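Chemist: Per our numbering, the very first residue in the sequence shown carries number -14; after that it's consecutive.
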Amino acid sequence: KSAAAVSGEFIKILTKVSGIRRIYQNFNKTMFRYWVPPSALVLILLLFFVECTAWTARGCVDLDSSTFDKVVKKFRYTLVKFDTAFPYGDKHEAFTSLAQQTASNDELLFALVGIKDYGEKDNTDLESRFSIPKEYPVVKLFSHNIDKPIDFPTSEEISADSLRLFLKRNTDLYIGLPGCVQKLDDLVHVFLHSSDNLEKQSIIDQIETLGKAADETDQFKTSYQTYAALMRKILHSSKAHSIVVQDEVDRIAKILQGKLSDSKRQDLKLRINIMQSFLSESTPVTSAHSSEL
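(1) Taking just the CA atoms, how far does K197 sit from P134?
(2) Counting only the same chain and skipping the five closest in sequence on each side, list residues whose C-beta sits under 8 Å from that of H226.
(3) Mapping the DSSP letters down to three states, classify T63 as helix, strand or coil.
(4) Figure out for me which residue from E120, L97 and S140 has the closest Cα to the Cα of F53.
(5) Excluding five sequence neighbours on each side, which residues of the same chain lie with their C-beta closer than 7 Å to the C-beta of G161?
(6) CA-CA distance, D102 and P163?
(7) Smallest Cα separation from T109: which of N90, L64, L48 and A84?
(8) Within 10 angstroms of the Cβ of I240, are there 16 or more other Cβ atoms? Answer buried if so, exposed if not.
(9) Starting from I219, follow the alpha helix (DSSP H) in both directions and report where the run begins and ends.
(10) State buried or exposed for P122, treating a residue as buried only when at least 16 other CB atoms are found within 10 Å of its CB.
(11) Could you name the residues that DSSP lists as bridge partners for V98?
(12) With distance defined between alpha-carbon atoms, name the residue in Q204, E112, S222 and Q231 nearest to Q251.
(13) Which runs of the alpha helix (DSSP H), 4 residues or longer, sit entirely within the region 134 to 213?
(14) Under DSSP, the beta strand (DSSP E) around F115 begins and ends at which residues?
(15) Taking all protein chains shown into account, do 16 or more other C-beta atoms lie within 10 angstroms of the C-beta of V234, making it buried, or fewer, making it exposed?
(16) Do you know whose CA, among K106, Y62, T156 and I257, lies nearest V230's CA?
(17) Tell me the residue span of the alpha helix (DSSP H) that contains K125.
(18) What would DSSP say about D252, mapped onto helix, strand or coil?
(19) Can you have a look at H77 and say buried or exposed, based on whether 16 or more other CB atoms are within 10 angstroms of its CB?
(20) Any chance the region 115 to 130 sits against the region 85 to 93, with 3 or more Cβ pairs inside 8 Å?
(21) If we count the other Cβ atoms within 10 Å of its Cβ and call it buried at 16 or more, is L158 buried or exposed?
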C-alpha cells in the first residue's frame, strides 16, 4: 500500500477512538488527493494523535513524577489510571466518562499517569513506586496515605459502572449507580443497622409514600418501589439481608439470560444497581450482570 493509504487507515482508527470523524473526512478530501512526503505524514499523524488524546481526557488531570504527590495530597480521594502515554479505547473512555459525570464533586479527582518505557521513560519511577504491572491500564484509589492506595480489582472489567461501584465501596462519598437515589440509600443504611422492626416498617412506609407522591415523569419513580420491595423481603425473612438480596440478584441474573425487550432488560439492570446499596456493607454482588447499563 502507498504511504497515503496506510496513513489514511491509521487516521480512521484514531477518529473512531475519539469520535471526531469529521476531522478525518475533511483531511481526506484535501490531503489524500496528492502524494504527501513521509516526514509530513508523521507530523500530521502526531498532531492528530495529540488532539484525539486531549479530546478524550476531559474531566481528568494529567500527573507526572513532579506533580503527583503535590496534587494527590490536595484531595480527599484521587482515582488514578496508570496507562500508556497515549491511552485510548473503551476502558479509557469509561474512565474519562465517569470523571465528567462526577466533576461537581470537589473531594474527588480523576487523574491520568502516562507511562513511557522508551525514550525519556516518563513516569517509570511512579510505575516502580506503586508496583504497576505492564498490563495497562491499572487503576488505584489514593487518599491521605499516598503510599497505600486501594487497587481496583484486576478480576473486574473497567467500565464506568464498575468504577462507580469501586468508589462507592471504598469511599464515604456518594457515588450512586444509575437508578439509585441518595436519600433512599441513606435510609437503606438506617434500615440495615436497625434492630427495631417497627422502625424498619416505618422506613418502608416512608419510601412507599415518597414513591406515590413522585410525579409520573420522575425517572426514579420505579426505584422507590424496588427499594421498598427489597426492604420488605428482608424484614419478613429469617435470613441475613445479604443472602436475601443475593438470592434476588441470582434470580434476576437468570432472567437476564433470556430474551427480553430493551426496556425490560434496562429495568432489571437498574434493580441490580439498587441492590448494591444493600450489599455495599457486606458481600458484593457476584452477578456478571451487575451494574451493566
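Yeah, the Cβ is synthetic: ideal placement off N, Cα and C, and Gly gets one too.
Computed from a predicted model, the values in this text were never measured in an experiment.
Modeler: Taking the coordinates as given:
(1) Those two C-alpha atoms are separated by around 43 Å.
(2) Cβ contact annotation for H226 (same chain, cutoff 8 Å, sequence separation greater than five): L177, I219, F263 and S267, in chain order.
(3) Secondary structure at T63: strand, using DSSP grouped into helix, strand and coil.
(4) It is L97 whose Cα lies nearest to the Cα of F53.
(5) Leaving aside the five residues that flank G161 on each side, the residues in its chain whose CB is nearer than 7 Å to its CB run, in chain order, Q167 and D170.
(6) Going by the C-alpha atoms only, they are around 38 Å apart.
(7) Closest option to T109, Cα to Cα, is L48.
(8) Around the CB of I240, fewer than 16 other CB atoms lie within 10 Å, so the residue is classed as exposed.
(9) I219 -> alpha helix (DSSP H) spans K206 to L220.
(10) P122 sits buried, since 16 or more C-beta atoms from the chains shown fall within 10 Å of its C-beta.
(11) Paired residue(s): F67.
(12) When each option's Cα is compared against that of Q251, the closest is Q204.
(13) Listed in chain order, the complete alpha helix (DSSP H) runs (minimum 4 residues) inside the region 134 to 213 are 145 to 155, 167 to 178 and 182 to 198.
(14) It is not in any beta strand (DSSP E) - F115 carries neither H nor E in the DSSP assignment.
(15) Looking at its Cβ environment, which holds 16 or more other Cβ atoms inside 10 Å, V234 is buried.
(16) Of the listed residues, the one whose Cα sits closest to V230 is I257.
(17) It is not in any alpha helix (DSSP H) - K125 instead sits in the beta strand (DSSP E) that spans V123 to F127.
(18) Note: D252 maps to helix in three-state DSSP.
(19) Answer is buried; the Cβ neighbour count reaches 16.
(20) Contact fails: fewer than three Cβ-Cβ distances are below 8 Å.
(21) Under this definition L158 is an exposed residue.
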